[in-house]
Amino acid sequence: MQERLGRFFWADPRAILRADASPEEFRRAMSAIEVGGTYKITGANRHPGADELMLANLDLADAVIVDIGASDGSTSLDLISKLGGFKQYIIADKYLRVFARENGRKTYFYDDDGNWILVVGSRVLAWPATSGFIRALFGRGARTAAHRVAPREVLLLNPAVQQRMAADPRVTARVHDVFLPWEGQAPDVIKVANLLRRLYFPDADIVRALEVLLGNLPDGGHLVIVDNPRIDGMPPRCGLYRRDGGRFVVVAESENVPEISTLVTGVDLGDRTDAQRSSDA
Ligand SMILES: C[S@@+](CC[C@H](N)C(=O)[O-])C[C@H]1O[C@@H](n2cnc3c(N)ncnc32)[C@H](O)[C@@H]1O
Numbered sequence: 000m001q002e003r004l005g006r007f008f009w010a011d012p013r014a015i016l017r018a019d020a021s022p023e024e025f026r027r028a029m030s031a032i033e034v035g036g037t038y039k040i041t042g043a044n045r046h047p048g049a050d051e052l053m054l055a056n057l058d059l060a061d062a063v064i065v066d067i068g069a070s071d072g073s074t075s076l077d078l079i080s081k082l083g084g085f086k087q088y089i090i091a092d093k094y095l096r097v098f099a100r101e102n103g104r105k106t107y108f109y110d111d112d113g114n115w116i117l118v119v120g121s122r123v124l125a126w127p128a129t130s131g132f133i134r135a136l137f138g139r140g141a142r143t144a145a146h147r148v149a150p151r152e153v154l155l156l157n158p159a160v161q162q163r164m165a166a167d168p169r170v171t172a173r174v175h176d177v178f179l180p181w182e183g184q185a186p187d188v189i190k191v192a193n194l195l196r197r198l199y200f201p202d203a204d205i206v207r208a209l210e211v212l213l214g215n216l217p218d219g220g221h222l223v224i225v226d227n228p229r230i231d232g233m234p235p236r237c238g239l240y241r242r243d244g245g246r247f248v249v250v251a252e253s254e255n256v257p258e259i260s261t262l263v264t265g266v267d268l269g270d271r272t273d274a275q276r277s278s279d280a
């Protein structure tokens, strides 16, 4: 059953509480963490095609690369390990920590705003957002834990990523929302993998995010879009796009184009982004 219906099986998310969790255990635990309507699902070597596209078309030796919606940073680390050189690699995600509280034999997880997002026990793994029944059944335990038990903060970065960050000052992580302008040094390349998906956001929101991403890049800067489709036999879809004034132009795409390809190339801000920049300055 697990082979055929793999995505309905979850590894124990409590692995993220263990100091000795292996990178793979930590990664697998991410699949069960849902915050703000998106899952933190990730994996090792999850988008080799996109990495290839970047390496084949861009000189990244002096690049500032920002990876938005990077989850625990596993796929960032995959790309970093293939880069000959780079200036900075920033692993960015809106949700980089959760809080855990143990109450009896169950562990309750909460997001940054204190919302209860998950309950885990030896025979239970349930998300309150998915059902009123779950909220009714475990809500009291979650509220009691929230009042009585001190929370444990858990950084949602893979142990291997944390190790790399400690050893390499070029690699950092920060909280960032894809819908908001990037603060600080403008990136040369922005990668967004499995975040701007139709399963998470309506097209209007995806376009809004794409407009913000365009404005974050200098003219000539690049955007990489990846999605891992749940379609039998279809490999990850990816595209590399260059900012050309107020638009994105296609540099290269995989044989199956990303599901939001036409939304990316449909963005047209004219000279609005530059006008915004000079008015900001
Ligand atoms: C399905 S995971 C993709 C992880 C990784 N990029 C990959 O392809 O394996 C989506 C990630 O986007 C993050 N996310 C959700 N909403 C976001 C937002 N508004 N801004 C930035 N990141 C967000 C989630 O926390 C999650 O880590």
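Each step along the sequence shown adds one to the number in this note's numbering, with nothing skipped, and position 262 is 261.
For every residue, glycine included, the Cβ atom is placed at its ideal position computed from N, Cα and C.
Note that the structure is predicted; figures quoted are calculated from it, not measured.
Any non-hydrogen atom of ligand 1 within 8 Å of residue i CB
i: Y38; result: yes
i: V188; result: no
i: A69; result: yes
i: N44; result: no
i: L194; result: yes
i: N255; result: no
i: G183; result: no
i: F7; result: no
i: T171; result: no
i: A165; result: no
i: N227; result: yes
i: H146; result: no
i: G35; result: yes
i: S73; result: yes
i: D66; result: yes
i: F94; result: Position check: residue 94 holds Tyr in this sequence, whereas Phe was assumed. Yes, Cβ of Y94 sits closer than 8 Å to a heavy atom of ligand 1.
i: E25; result: A small correction: the amino acid at residue 25 is Phe; Glu does not occupy that position in the sequence shown. No, the Cβ of F25 stays beyond 8 Å of every heavy atom of ligand 1.
i: V177; result: yes
i: A159; result: no
i: T129; result: no
i: R149; result: Going by the sequence as given, residue 149 is Ala instead of Arg. No - ligand 1 has no heavy atom lying nearer than 8 Å to the Cβ of A149.
i: A99; result: no
i: T41; result: yes
Buried/exposed call for residue i, threshold 16 Cβ in 10 Å
i: P201; result: exposed
i: F7; result: exposed
i: D112; result: exposed
i: W9; result: exposed
i: S73; result: buried
i: T37; result: buried
i: P12; result: buried
i: I230; result: exposed
i: P180; result: exposed
i: N102; result: buried
i: F25; result: buried
i: D19; result: exposed
i: A49; result: buried
i: D270; result: exposed
i: L198; result: exposed
i: V123; result: exposed
i: R151; result: exposed
i: A31; result: buried
i: T261; result: exposed
i: S21; result: exposed
i: A280; result: Confidence at A280 is low in this model, with a pLDDT of 44, below 50, so its placement is unreliable and no value can be given for it.
Proximity to residue i [Cα-Cα], best of the options
i: E324; options: P234, D243, R241, L268; result: Since the displayed the chain opens at 0 and closes at 280, residue 324 lies outside it and no answer follows.
i: A69; options: G42, R163, Y199; result: G42
i: T264; options: E254, V248, V256; result: V248
i: R169; options: L262, V34, F85, N102; result: F85
i: L136; options: H146, A166, V118, D50; result: V118
i: V174; options: V97, V256, G232, P22; result: V97
i: R147; options: N193, R100, K93; result: R100
i: V225; options: P47, S30, V153; result: P47
i: R241; options: F25, R27, A149, D187; result: D187
i: V250; options: G220, N227, D270; result: G220
i: F178; options: A91, K39, L59, E23; result: A91
i: Y107; options: I89, Q161, I67, E33; result: E33
i: L57; options: V223, I205, G232; result: V223
i: K93; options: S75, N114, I67; result: I67
i: D243; options: A55, E210, R17, A145; result: E210
i: N193; options: Q87, P228, R139; result: P228
i: R163; options: V153, A14, Q87; result: Q87
Nearest-angstrom beta carbon gap, residue j and residue i [assumed within contact, 8 Å]
i: A208; j: L216; result: Incorrect: roughly 13 Å between the Cβ atoms, too far for contact.
i: S80; j: R104; result: No, S80 and R104 are not in contact; Cβ-Cβ is about 40 Å, not under 8 Å.
i: V65; j: I89; result: 5 Å
i: L52; j: C237; result: 6 Å
i: R156; j: D71; result: According to the sequence provided, residue 156 is Leu. The question's Arg does not apply to it. Sure, about 6 Å apart at Cβ, within 8 Å.
i: N44; j: D77; result: 6 Å
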